[in-house]
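What follows is a single structure, written as structure tokens, with notes after it.
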Amino acid sequence: MTFGLQTLIESKIIAHVIGQIILILLTRYFSVCADFGPPHINGALSISSSTSNACRSSIGTTLRKRVNRPSLPSIPVISQDTSFPRHSSANSLPAIALGCLEWGEEPECGDARETRPFSHPEQGLLDALAWLSSSDWQLKGKGLFSIRRLAICHSEILLSRLHDVTLAVTKEVNNLRSKVSRFAISTLGELFRIMKKHMDQEVEEVARALLQKTGDSSEFIQKAADRSLGIMVGSVTPARAMAALLAGGVNHRNVLVRRYAAEHLLTVMEQIGAEKLLSGTRDSVELLVHMLVKLAQDCNQDTRFYGRKMLNILMSHPKFDGHLKQFLPSRDLQVVMATIKQKGMEDRMSEPPSAKGRRESRNSGLMTSQENLPSDEGSSSDVLLLPHQTVRRTSLRTVEEIEQLKELNNLLSAKEFQTRIEGVMLLLDHCKSNPQLISANIVQIFDVLVLRLQDSNKKVKQQSLEALASVIPILRDTLHPVLVSLVAAVTDNLNSKHTGIYTAAVKVLEASIAHLDNALLLQALAHRVRFLSGRAMQDITEQLSVLVASVYPRKAHVVERYVLPVLWFFLSNMIGNGVLPGRSSNVRAAVTKLAKSLHQEMGSSLKEHAASQPPHVAKHLWHVLDLDGHSSPHKGLEVQRGEITKEKRTG
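Printed below as a string of structure tokens:
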């Protein structure tokens, strides 16, 4: 009897415990459903009857969905006051998502209709900054959302600490969580849109961070950064935006960063106009012209397109011809002008080449129609007009060739780096087994390969460089139409700290010297060297020394036209310790080698050419040559005086 009573009591206790557990679970479940309601002032939650009923009617479906969701960490829920939030269960949704933002969606909640004001905005600002400094990524997201609310509803409060806020948000652009990073990027765009010229002081740092993200491997991050940059250039003082884009994007090693920088720089230049752009100081105008020429010769076709359009803006002003002749060597001037004239009809389009290609066919890949194939009149991949460049027209392609090109393009453009490596290896196989196919489509194929030469993944980049070194002896002169873009991409890798990438880039240069037309290669390298820095500038200058010896006996005018301006550039800008202003490397040894190579080939004619340069350039030239025992006009007298002095001492 006692045993039966004890069992009954235990059963009731167990039933009571189970009932309490079920009650707790249901309470938590309905609190989660409430999280989907729109936020009230200060984040207070409002659960309408319809929402509550909807939650109750879909318990089974929702629970099944939540069972399949990955486990989430503890996520804060906004309480009724402005104090730090409590933490709910591991399955609670982020409070910042209330009626506005889901972490998996594009953050587009800068609309005042969806964002309500704070009852105490000053405290809201303090909380937002505190949350942004937290190590909890959910709190960071909550802080970013609060900043957006403050910008939309309380901009005067935000203005008092705009610098601190901008720094805190910009820091989150590089957050390892892509959702936080993307939200921070869009928040910066919101700050630019609302605060406008009040953000002028913050432009340089913010633009650098946003430009860096345009080269991100995530397409969503790229688009968000591009969108915020577009808002930036339309909101702040154009001159500030222009300076930030020139400083943070034009010389960037990532091809996509340069592309987006050029696009937004074009927008700014259209706002400013040629008159104001050319009315600055001589140094500023010279820097601008050189930057635009560099963009017009970039390895990316969109960047070249934007560069030419910007030069077209300046060309509309009568002062521009004088500036161009003053800042660029005569042959460079002819090349740039010829390219712009050649591309004049194309550049009148309102979109870059890649956009046109996407519009015509999203799935065409490397396949182009017969009328879109490169012709003898020029190639969209070419900027420097190299003599006798022709790209063979291909006859009607077979279905098999079309499929091969489509497969190659898909592999080279894939999102997974292993697949892109497969594409590089497939290209190498095609070059070995069917070089005619590659030669007939050289421009289209190598426009994609150039992107792999500057891939964000080091393995892809190294594999692409090594494959290119193997391809050059096979394709040889067929590569001339794409030589400029290849040189730009390969030389950028000479500054890589990755030993494998640097070694592969050097092998490409060695293969180019051994198998390509040295006169054309010399022209491309001479054009490129002035835009380089560090080890890349040293290496290319030394390669020019090698090319001078092989080209001058056959084509002396090519060396005089392209290499001498490079030598004058170094001698006129090099400081006494061998460093160029704004460059990190010491180029004295490389410049000395180049000067010696030129002097050995040209002899006294080098002195004649130096006579037309400023006196300090000619003096510097002979000083450089004397470093290794070359005689100067005054050395014989110095030697004679030394011998007389020695005789007197001996006597």
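The numbering used here numbers the first residue of the sequence shown as 6 and each following residue consecutively. Each residue gets a CB set at the ideal place from its N, CA and C atoms; glycine is no exception. No experiment lies behind these values; they were computed from the predicted model shown.
Notebook entry, point to check: With respect to 6 angstroms, is the separation between the Cβ of His-322 and the closest non-hydrogen atom of the ligand GTP below this value?
Noted result: Here there are no bound small molecules, and the ligand GTP is not part of this structure.
Item checked: Given Ala-195 as reference, the closest of Ala-493, Leu-155 and Leu-300 once Cα atoms are compared -> As a working note, residue 195 is residue 190 in the sequence shown. Looking at the sequence shown, residue 195 is not Ala but Glu. Considering only alpha carbons, the answer is Leu-155.
Check: In terms of residue numbering, what span does the alpha helix (DSSP H) encompassing Gln-449 cover?
Finding: As a working mapping, residue 449 is identified with position 444 in the sequence shown. Under the DSSP assignment, Gln-449 falls in the alpha helix (DSSP H) whose first and last residues are 447 to 458.
Item checked: Under the three-state DSSP convention, the category Asn-591 falls into -> The residue given as residue 591 occupies position 586 in the sequence shown. In this structure, Asn-591 counts as strand in the three-state DSSP scheme.
Next item on the list: Determine the closest residue to His-257 out of Lys-299, Lys-464, Glu-280 and His-203, with distance taken between C-alpha atoms.
Entry: Counting from one through the sequence shown, the residue named residue 257 turns up at place 252. For the residues Lys-299, Lys-464, Glu-280 and His-203, the minimum Cα distance to His-257 belongs to Lys-299.
Next item on the list: Assign Cys-657 to one of three DSSP states: helix, strand, or coil.
Entry: What the structure shows of the chain is the stretch from 6 to 656, and residue 657 is not part of that stretch, so it cannot be assessed.
Notebook entry, point to check: Hey, out of Thr-546, Gln-25, Ala-252 and Glu-565, whose CA is closest to Phe-575's CA?
Noted result: Along the sequence shown, one-based indexing puts residue 575 at 570. Of the listed residues, the one whose Cα sits closest to Phe-575 is Thr-546.
Notebook entry, point to check: Helix, strand or coil: how does DSSP classify His-628 here?
Noted result: Taking the first residue of the sequence shown as position 1, residue 628 is located at position 623. Note: His-628 maps to helix in three-state DSSP.
Next item on the list: Grab me the residues of His-614's own chain with a C-beta within less than 8 angstroms of its C-beta, minus the 5 sequence neighbours each way, in chain order.
Entry: Numbered from its first residue, the sequence shown carries residue 614 at position 609. The beta carbon of His-614 lies closer than 8 angstroms to those of Glu-565, Leu-569 and Met-607 in the same chain, with the five residues before and after it left out.
Check: Just how far apart, CA to CA, sit Leu-473 and Leu-458?
Finding: Position 468 of the sequence shown, counted from the start, is the residue given in the question as residue 473. Position 453 of the sequence shown, counted from the start, is the residue given in the question as residue 458. Going by the C-alpha atoms only, they are around 9 angstroms apart.
Next item on the list: Let me know if Leu-181 comes out buried or exposed under the rule of 16 or more other beta-carbons within 10 Å of its beta-carbon.
Entry: Locating residue 181 in the sequence shown gives position 176, counting from the first residue. A residue is called buried once 16 or more other Cβ atoms fall within 10 Å of its Cβ, and Leu-181, having fewer, is exposed.
Checklist line | Coarse secondary structure for Glu-652, derived from DSSP in three states | finding: In the sequence shown, counting from the first residue as 1, residue 652 sits at position 647. Residue placement at Glu-652 is flagged as unreliable, the pLDDT there being 39, under the threshold of 50; the coordinate-derived value follows with that caveat. In the structure shown, Glu-652 sits in a helix (DSSP, three-state: H, G or I).
Check: With DSSP run on the structure shown, which of helix, strand or coil describes Pro-3?
Finding: Residue 3 is absent from the model: the chain starts at 6 and stops at 656.
Check: What distance in whole Å lies between the Cβ atoms of Val-260 and Leu-456, which are believed to be in contact at a cut-off of 8 angstroms?
Finding: Residue 456 sits at position 451 when you count from the first residue of the sequence shown. Residue 260 sits at position 255 when you count from the first residue of the sequence shown. Correct: roughly 6 angstroms between the Cβ atoms.
Item checked: Cβ-Cβ separation, Ala-509 to Leu-470 (assumed contact under 8 angstroms), whole Å -> Translated into positions along the sequence shown, residue 470 becomes position 465. Translated into positions along the sequence shown, residue 509 becomes position 504. Here Leu-470 really is in contact with Ala-509; their C-beta atoms are around 4 angstroms apart, less than 8 angstroms.
Next item on the list: Could you pull out every residue in the same chain whose Cβ sits closer than 7 angstroms to the Cβ of Ile-236, ignoring the five residues on either side in sequence?
Entry: Numbered from 1 along the sequence shown, position 231 holds the residue referred to as residue 236. Excluding residues within five positions, the ones whose Cβ falls inside 7 angstroms are Gly-194, Phe-197 and Arg-198.
Next item on the list: Name the residue from Met-579, Ser-609, Asp-497 and Gln-548 whose alpha carbon lies nearest to the alpha carbon of Lys-598.
Entry: The residue labelled residue 598 in the question sits at position 593 within the sequence shown. Ranked by Cα distance from Lys-598, the first of Met-579, Ser-609, Asp-497 and Gln-548 is Gln-548.
Check: Does DSSP put Val-185 in a helix, a strand or coil?
Finding: The count along the sequence shown starts at 1 and reaches residue 185 at position 180. In the structure shown, Val-185 adopts helical secondary structure according to DSSP, grouped into three states.
Next item on the list: Give every residue of the same chain whose Cβ lies closer than 6 angstroms to the Cβ of Val-495, excluding the five residues on either side of it in the sequence, and list them in chain order.
Entry: Translated into positions along the sequence shown, residue 495 becomes position 490. For Val-495, where only same-chain residues beyond five positions count, the Cβ hits under 6 angstroms are Ala-510 and Val-513.
Notebook entry, point to check: For Gln-423, which residues of its own chain have a beta-carbon under 8 angstroms away from its beta-carbon, when the five flanking residues on both sides are left out?
Noted result: In the sequence shown, counting from the first residue as 1, residue 423 sits at position 418. Around Gln-423: no qualifying Cβ.
Notebook entry, point to check: Counting only runs that start and end within the region 445 to 527, where is the alpha helix (DSSP H) found for 4 or more residues in a row?
Noted result: List check, alpha helix (DSSP H) in window: 447 to 458, 463 to 480, 488 to 497 and 504 to 520.
Check: Under a three-way DSSP split, which group does Ala-133 fall into?
Finding: As a position in the sequence shown, residue 133 is number 128, starting the count at 1. If DSSP states are grouped into helix, strand and coil, Ala-133 belongs with the helices.
Next item on the list: Could you tell me which of Gln-302, Leu-525 and Gly-278 sits nearest to Ser-555, measuring between CA atoms?
Entry: Stepping through the sequence shown from its first residue, residue 555 is reached at position 550. The candidate whose alpha carbon is nearest that of Ser-555 is Leu-525.
Check: CA-CA distance, Leu-316 and Gly-146?
Finding: Along the sequence shown, read from residue 1 onward, the residue named residue 316 stands at position 311. Along the sequence shown, read from residue 1 onward, the residue named residue 146 stands at position 141. If you draw a straight line from the Cα of Leu-316 to the Cα of Gly-146, it is about 42 angstroms long.
Check: Using CA coordinates, which residue listed in Asn-446, Thr-504, Asn-500 and Lys-463 is at the minimum distance from Leu-484?
Finding: In the sequence shown, the residue the question calls residue 484 occupies position 479. Between Leu-484 and the set Asn-446, Thr-504, Asn-500 and Lys-463, the nearest pair of CA atoms involves Asn-446.
Check: In whole angstroms, what is the alpha-carbon distance linking Gln-449 and Ser-609?
Finding: On the sequence shown, residue 449 is found 444 positions in, with the first residue counted as 1. On the sequence shown, residue 609 is found 604 positions in, with the first residue counted as 1. Between Gln-449 and Ser-609, the C-alpha separation is close to 46 angstroms.
Next item on the list: Please state if the CB of Gly-253 and the CB of Leu-292 are separated by a distance shorter than 7 angstroms.
Entry: On the sequence shown, position 287 is the one that residue 292 refers to. On the sequence shown, position 248 is the one that residue 253 refers to. Taking the C-beta atoms as reference points, Gly-253 is found no nearer than 7 angstroms to Leu-292.
Notebook entry, point to check: Is it right to say Met-430 is buried, meaning 16 or more other beta carbons lie within 10 angstroms of its own, or is it exposed?
Noted result: Within the sequence shown, numbered from 1, the residue matching residue 430 stands at position 425. Flag for Met-430 reads exposed.
Next item on the list: With a cut-off of 8 angstroms on the beta carbons, I'd call Tyr-567 and Gln-528 a contact; round off their distance for me.
Entry: One-based indexing of the sequence shown puts residue 567 at position 562. One-based indexing of the sequence shown puts residue 528 at position 523. Distance from Tyr-567 to Gln-528 at the Cβ level is roughly 5 angstroms; contact confirmed, criterion being Cβ atoms closer than 8 angstroms.
Checklist line | Span of the alpha helix (DSSP H), counted from its first residue to its last, around Phe-536 | finding: Locating residue 536 in the sequence shown gives position 531, where the first residue counts as 1. Element bounds for Phe-536: n/a, residue is neither H nor E.
Check: So what does DSSP say about Asn-439, is it helix, strand or coil?
Finding: Translated into the one-based positions of the sequence shown, residue 439 becomes position 434. DSSP, reduced to helix, strand and coil, places Asn-439 outside both helices and strands of the structure shown, so it counts as coil.
Next item on the list: Give the DSSP-derived three-state secondary structure of Asn-179 in the structure shown.
Entry: Here the question's residue 179 lines up with position 174 in the sequence shown. Coil, per DSSP.
Checklist line | Segment limits, alpha helix (DSSP H) that includes Asp-221 | finding: Within the sequence shown, residue 221 is the residue found at index 216, counting from 1. For Asp-221, there is no enclosing alpha helix (DSSP H), as DSSP marks it with neither H nor E.
Checklist line | Residue range of the alpha helix (DSSP H) that includes Met-274 | finding: What you label residue 274 is simply residue 269 of the sequence shown in a count that begins at 1. Met-274 -> alpha helix (DSSP H) spans 260 to 277.
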